[in-house]
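Trainee: Please see the structure below; I have some questions.
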Amino acid sequence: MDPSIQRALNDKLYDRRKVGALDLERVIRDLAAAKEFERIKKIIQQLCNDFAYAVHQPHARNGGLIGLAAAAIALGGELARYLDEIVPPVLACFTDQDARVRYYACESMYNIAKVAKGEVLPFFNDIFDALCKLGADSELSVKNGAELLDRLIKDIVSESAATYVSVLHTNEDSITETDKESHDGSVDLPTAFSLAAFIPLLKERIYVINPSTRTFLVGWITLLDSIPDLELVSYLPGFLGGLFKFLSDPNRDVHVATQGALERFLSEIKRISRIKRGIAESRKSKSEGKRKRSGSMDSETSIVPDAGADDDSIPAADEKDFSSDDDWVPGQDVAVNHKDILEILTANLDAPLEEDSLQESLRWIVEFLDIAPEEVLPFAPKILAQLLPAMASGVEPIRQAAARVNTSLMDYVVSLSDEGGVSEPNSAGPSRIPTSILKESNQEKRDSSINARASISTVRDSDRRESEVQSPPPPYNKASTPTPTPPPTRPQVDLDYAAAVNSLTLLFLNDHEATRVAALTWLLMLHKKAPRKVLAINDGTFPALLKTLSDPAEAVVTRDLQLLSQISRNSGDDYFTSFMENLLQLFSTDRKLLETRGNLIIRQLCVSLSPERIYRTLADCIEKEEDVEFASIMVQNLNNNLITAPQLADLRKRLRNLETKDGQTFFVTLFRSWCYNAVATFSLCLLAQAYEQAYNLLQIFAELDMTVNMLIQIDKLVQLLESPVFTYLRLQLLEPEKYPHLYKCLYGLLMLLPQSAAFAALKNRLNSVSAIGYLHIAPRAAPANAGPSNFDRSSRLKGRDEGGIRWNELLEKFKIVQERARRAQRPGGELDDGLGMLDARSGEGIDGRAFKELSRLQGPPLPAKDAPPAAAPQGGKTKSGVGKFGRLGGVVGGGRPKR
1 MDPSIQRALN
11 DKLYDRRKVG
21 ALDLERVIRD
31 LAAAKEFERI
41 KKIIQQLCND
51 FAYAVHQPHA
61 RNGGLIGLAA
71 AAIALGGELA
81 RYLDEIVPPV
91 LACFTDQDAR
101 VRYYACESMY
111 NIAKVAKGEV
121 LPFFNDIFDA
131 LCKLGADSEL
141 SVKNGAELLD
151 RLIKDIVSES
161 AATYVSVLHT
171 NEDSITETDK
181 ESHDGSVDLP
191 TAFSLAAFIP
201 LLKERIYVIN
211 PSTRTFLVGW
221 ITLLDSIPDL
231 ELVSYLPGFL
241 GGLFKFLSDP
251 NRDVHVATQG
261 ALERFLSEIK
271 RISRIKRGIA
281 ESRKSKSEGK
291 RKRSGSMDSE
301 TSIVPDAGAD
311 DDSIPAADEK
321 DFSSDDDWVP
331 GQDVAVNHKD
341 ILEILTANLD
351 APLEEDSLQE
361 SLRWIVEFLD
371 IAPEEVLPFA
381 PKILAQLLPA
391 MASGVEPIRQ
401 AAARVNTSLM
411 DYVVSLSDEG
421 GVSEPNSAGP
431 SRIPTSILKE
441 SNQEKRDSSI
451 NARASISTVR
461 DSDRRESEVQ
471 SPPPPYNKAS
481 TPTPTPPPTR
491 PQVDLDYAAA
501 VNSLTLLFLN
511 DHEATRVAAL
521 TWLLMLHKKA
531 PRKVLAINDG
541 TFPALLKTLS
551 DPAEAVVTRD
561 LQLLSQISRN
571 SGDDYFTSFM
581 ENLLQLFSTD
591 RKLLETRGNL
601 IIRQLCVSLS
611 PERIYRTLAD
621 CIEKEEDVEF
631 ASIMVQNLNN
641 NLITAPQLAD
651 LRKRLRNLET
661 KDGQTFFVTL
671 FRSWCYNAVA
681 TFSLCLLAQA
691 YEQAYNLLQI
701 FAELDMTVNM
711 LIQIDKLVQL
721 LESPVFTYLR
731 LQLLEPEKYP
741 HLYKCLYGLL
751 MLLPQSAAFA
761 ALKNRLNSVS
771 AIGYLHIAPR
781 AAPANAGPSN
791 FDRSSRLKGR
801 DEGGIRWNEL
811 LEKFKIVQER
821 ARRAQRPGGE
831 LDDGLGMLDA
841 RSGEGIDGRA
851 FKELSRLQGP
861 PLPAKDAPPA
871 AAPQGGKTKS
881 GVGKFGRLGG
891 VVGGGRPKR
């Protein structure tokens with residue numbers, strides 16, 4: 001350069017530097033016209049080395065920057081060949097300590113880019129990186145200069161990024177691409193802007209915190225996404241995670257801009273998915289149509305074999321039609337990496353503190369379940385682990401979004417069950433199951449479902465047949481109808497059941513009831529879908545399910561019982577027995593659970609499973625129980641449910657029918673375990689109408705220690721006798737010749753009770769029918785009446801004995817068990833020996849106080865007309881007229897017997 005220009009560029013005054021730059025521009029324009037490119041190159045090198053890179057001379061750097069901009073303006077169209085030398089020193093000045101140098105660098109780059117246009121795109125990454133930093137600059141003038149430069153670069157990128165090929169690349173590659181052109185018929189030169197090269201830089205910058213830089217990044221992402229041919233959505237996984245974090249930025253502008261960018265990306269993914277699905281369906285329909293035409297042509301050629309010459313031309317014509325119809329649709333070739341996007345979304349669910357990010361992630365997952373559900377399925381265990389806690393979130397929008405995801409995911413998994421049900425038996429079944437046996441087992445299962453009152457022996461037989469045949473469980477039977485054609489060749493996706501069950505089991509420890517209920521609902525659905533894949537007795541889930549029975553929420557316990565019942569229903573006898581043993585063990589260790597939830601658990605299980613099977617299995621387990629006290633409490637609980645539960649009405653009907661073999665075996669099974677509780681055994685005999693056996697038990701009661709607990713149980717039994725369950729028993733009091741031992745049983749109860757409300761209620765009931773009873777019993781000498789009655793009763797008992805109930809053995813069993821219970825209680829030292837009855841009225845002894853409490857128990861309300869007369873005990877006269885039937889009548893009536 002001329003020495004005068006050099007001095008002007010090095011001056012500290014801006015105006016003089018500007019004059020020097022104008023002189024330099026004129027000189028370079030003349031040299032370019034004269035094509036003296038070498039001298040131009042030397043001038044540019046001098047500007048770079050002596051001015052722009054003069055680190056400790058700020059005026060020289062400023063002069064170098066304005067000189068390079070002037071050179072670029074002067075070169076015009078010839079600028080491209082010198083950009084590699086002009087741009088780097090300008091970029092270096094962006095990081096200068098002096099704010100004026102940074103500002104002049106922005107100004108210089110603006111002028112260079114304005115001339116170079118598309119040729120500046122190869123330097124895009126460096127310019128973008130510099131602008132990213134300058135956007136957060138502390139100096140306002142620098143920020144304004146950077147903003148102007150940013151707008152210009154955005155304009156250039158939006159116009160040229162997708163298609164512009166650098167002049168330098170065209171000149172260099174024109175020779176090497178000639179061969180390729182001759183083979184392919186077209187040349188694909190690399191564009192000046194490379195999105196693949198830009199994405200790593202964006203990944204690096206996406207995790208910034210500064211709001212200005214975040215706004216800058218979102219603006220560029222939005223711009224690049226709006227350019228049709230760039231397809232930024234293909235690179236979305238690279239920066240999506242950082243973009244979601246922008247949603248939690250306190251700056252409202254950042255949040256709004258990010259929300260809009262994410263919305264556009266999601267809409268684009270949905271659009272691409274629709275296009276691809278539509279193209280696949282159209283191709284499938286065309287291929288089917290082509291197959292039909294070829295089939296019809298084959299039939300024609302078989303009829304007319306001479307038309308072979310035309311056959312070659314027809315398929316060619318079809319192919320031509322097929323290819324010409326396949327027009328290119330924008331978006332059909334765009335590859336969206338659903339898997340990587342879902343990984344990011346799943347990771348976002350694990351950040352509950354970032355509410356906006358969590359809510360948006362849930363919205364994306366819902367859309368992906370519509371776009372590509374098979375891609376979501378492998379992530380289901382991870383999603384569930386975070387989704388179900390979100391359903392109990394304190395933020396309403398998050399709770400609603402989580403509920404939508406939960407519903408959509410469950411619907412999709414349920415829809416897979418039919419395919420799984422078809423594919424699994426087809427793949428694994430035929431090698432082991434003959435179709436005839438499978439049909440028989442299916443028919444048996446249908447019959448057993450119709451006959452709800454089938455005996456336990458038939459249940460066990462069918463279970464044994466199922467285990468021998470290895471037929472699929474009930475959820476598969478519906479889907480496993482014989483199908484000669486295989487399922488469509490769509491790739492079968494399957495859920496990782498082990499991981500899903502593990503995730504759901506861990507959620508049992510969650511603090512929120514809604515989450516625990518949702519986890520059990522999922523396990524119910526998964527077990528119904530694939531029982532063999534989900535739960536086994538030896539894995540860690542079964543103890544967790546048992547422990548969940550202690551949950552404070554009743555809804556959780558109910559779902560838990562449904563799941564346990566469902567598992568037991570689809571399993572063999574060993575599993576069911578193990579379940580009942582574990583349940584008893586749980587009740588034994590957690591007595592509070594037995595008190596608060598025992599009835600709910602037993603009744604819920606009886607709704608879902610066979611009540612007879614439950615009671616048989618529990619009875620067998622209780623009979624082997626070592627803890628006598630627990631066995632007595634458990635029997636009392638089971639007996640109360642047997643008498644009162646509406647779910648056990650059919651079981652009570654079966655017990656009343658001891659004429660059948662099934663009824664007899666069921667009664668004997670219950671009796672042997674009921675022996676642990678004397679009052680429960682007595683009430684069982686009343687329920688089964690075995691009144692003679694009940695009377696024999698009452699005689700044994702005299703030898704037992706009559707404790708307060710036992711008297712309270714008798715009190716409750718008397719109240720139950722007034723309930724609708726024992727209506728048949730009260731009516732049988734009207735037939736004393738047919739049921740003579742029933743009277744003895746009830747009078748025996750009366751003798752056991754202290755003077756309490758229950759005593760008054762039972763006495764009142766017996767008073768209302770005693771006249772009928774004694775009128776029938778009094779004339780014993782008459783052979784005409786006594787004969788048939790004795791014959792009927794003896795034949796009835798004889799029939800029972802022949803049927804298989806050995807009453808004496810049952811009584812011996814009762815005595816042995818009660819003796820064992822007495823010995824077990826003796827070391828405790830707090831036995832009630834019945835002597836307290838002497839002090840019942842004075843209330844001085846321990847048992848006397850207990851009897852006082854017992855007498856306060858409210859019995860059933862007595863009708864006014866049946867209330868015992870108040871004056872009867874004092875006056876010795878009764879209004880009922882029972883006194884004429886002798887000493888016993890007087891006692892029952894409440895007066896003293898007359899001698």
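Take 1 as the starting number for the sequence shown in UniProt numbering and just add one per residue. The C-beta atom is built at its ideal place from N, Cα and C for all residues, glycine as well.
Please classify R806: does DSSP put it in a helix, a strand, or coil?
Mentor: DSSP places R806 in coil when its eight states are reduced to three.
Trainee: Are the beta-carbon atoms belonging to T258 and F246 less than 9 Å from one another?
Mentor: Contact flag set, yes.
Trainee: Do R516 and L507 have their CB atoms nearer than 9 Å?
Mentor: Their beta carbons are under 9 Å apart, which means R516 touches L507 by this criterion.
Trainee: By Cβ distance, which residues of its chain are closer than 6 Å to C675, with the 5 residues on each side in sequence left out?
Mentor: Correct list, in chain order: T681, K813, F814 and V817.
Trainee: Please check the pair D23 and A33, which I expect to be a contact at CB under 8 Å, by giving their CB distance rounded to whole angstroms.
Mentor: About 16 Å separates the two Cβ atoms, so there is no contact after all.
Trainee: Would you call the CB atoms of G135 and T213 closer than 9 Å?
Mentor: Yes, Cβ-Cβ distance for G135 and T213 is below 9 Å.
Trainee: Alpha helix (DSSP H) containing N510: first to last residue?
Mentor: Segment: none, N510 is in no alpha helix (DSSP H) and carries neither H nor E.
Trainee: Please go through the same chain and pick out, in chain order, the residues whose beta-carbon is closer than 7 Å to the beta-carbon of A130, but skip the five residues on each side of it.
Mentor: Result list for A130: L91 and F94, in chain order.
Trainee: For A54, I'd like the list of residues in its chain whose CB is within less than 8 Å of its CB, leaving aside the five on either flank, ordered along the chain.
Mentor: So the list reads A60, R61 and G64, once near-sequence residues are dropped.
Trainee: On the three-state DSSP scale, how would you describe I127?
Mentor: Correct three-state label for I127: helix.
Trainee: In or out: M1 buried (at least 16 other Cβ within 10 Å) or exposed?
Mentor: Under this definition M1 is a buried residue.
Trainee: Can you check the segment 586-650 for any alpha helix (DSSP H) of at least 4 residues that lies completely inside it and give the ranges in chain order?
Mentor: Correct list: 591-608, 611-623 and 628-644.
Trainee: Indicate whether Y82 and A72 have their beta-carbon atoms separated by less than 9 Å.
Mentor: In this structure, A72 lies closer than 9 Å to Y82 by Cβ.
Trainee: Anyone know if the C-beta pair for A758 and D715 falls short of 9 Å?
Mentor: Yes, these two residues count as a Cβ contact at 9 Å.
Trainee: I'd like to check one pair, A192 with G118: are the Cβ atoms closer than 9 Å?
Mentor: Cβ atoms of G118 and A192: closer than 9 Å.
Trainee: Answer yes if the segment 702-718 comes into contact with the segment 653-671, meaning at least three C-beta pairs across the two stretches below 8 Å, and no otherwise.
Mentor: They do not touch, by the three-pair rule.
Trainee: Label M751 either buried or exposed according to how many other C-beta atoms from any shown protein chain fall within 10 Å of its C-beta, with 16 as the threshold for buried.
Mentor: So M751 ends up on the exposed side.
Trainee: Rounded to the nearest angstrom, what separates L121 and A161 at their Cα positions?
Mentor: Computed Cα separation, rounded: 7 Å.
Trainee: From E581 to E623, what distance separates their C-alpha atoms?
Mentor: For E581 and E623, the distance between alpha carbons rounds to 12 Å.
Trainee: Could you give the DSSP three-state label for G799: helix, strand or coil?
Mentor: Low confidence applies here, because G799 scores a pLDDT of 41, under 50, leaving its location unreliable; read the following figure in that light. Helix at G799.
Trainee: With DSSP collapsed to three states, give me the class of I44.
Mentor: Helix at I44.
Trainee: Mapping DSSP to helix, strand and coil, what is I5?
Mentor: Three-state result, I5: helix.
Trainee: Going by beta carbon distance, what residues of the same chain come within less than 8 Å of A197, once the five residues before and after it are set aside?
Mentor: Here the set comprises N125.
Trainee: Determine the contact status of S568 and L509, defining contact as a CB-CB distance below 9 Å.
Mentor: For S568 and L509, no; Cβs fall outside 9 Å.
Trainee: Using a Cβ distance threshold of 8 Å, determine whether the segment 376-391 contacts the segment 347-355, with at least three qualifying pairs required.
Mentor: As far as the Cβ criterion goes, the segment 376-391 touches the segment 347-355, which means the pair count is three or higher.
Trainee: How should H56 be labelled, buried or exposed, when 16 other C-beta atoms within 10 angstroms of its C-beta is the threshold for buried?
Mentor: By the neighbour-count rule (16 or more Cβ atoms within 10 Å), H56 is not buried but exposed.
Trainee: So, with DSSP's three-state summary, where would you put S578?
Mentor: Reduced to three states, the DSSP call for S578 is helix.
Trainee: In terms of residues, what are the limits of the alpha helix (DSSP H) holding R730?
Mentor: Note, R730: alpha helix (DSSP H), T727 to Q732.
Trainee: Secondary structure at G572, three-state DSSP: helix, strand or coil?
Mentor: In the structure shown, G572 sits in coil (DSSP, three-state: anything other than H, G, I, E or B).
Trainee: Going along the chain, which residues of its own chain have a beta-carbon closer than 7 Å to the beta-carbon of Q732, five neighbours each way excluded?
Mentor: For Q732, where only same-chain residues beyond five positions count, the Cβ hits under 7 Å are Y739 and L742.
Trainee: Does DSSP classify T541 as helix, strand or coil?
Mentor: The answer is helix: DSSP assigns T541 an H, G or I state.
Trainee: With a cut-off of 8 Å on the beta carbons, I'd call T665 and V725 a contact; round off their distance for me.
Mentor: About 23 Å separates the two Cβ atoms, so there is no contact after all.
Trainee: Keeping to the same chain, check which residues put their C-beta closer than 7 Å to that of N640; ignore five residues upstream and five downstream.
Mentor: Contacts found: none.
Trainee: Looking only at its chain, what residues have a beta carbon closer than 6 Å to the beta carbon of R17, apart from the 5 residues adjacent to it on each side?
Mentor: Excluding positions up to five away in sequence, the list reads L9, D11, G63 and I66.
Trainee: One question on the structure: do N626 and Q825 come within less than 9 Å of each other, judged by their Cβ atoms?
Mentor: In the sequence on display, residue 626 carries Glu and not Asn. In this structure, Q825 does not lie closer than 9 Å to E626 by Cβ.
Trainee: Would L202 and K154 be called neighbours here (beta carbons separated by less than 9 Å)?
Mentor: Cβ atoms of L202 and K154: not closer than 9 Å.
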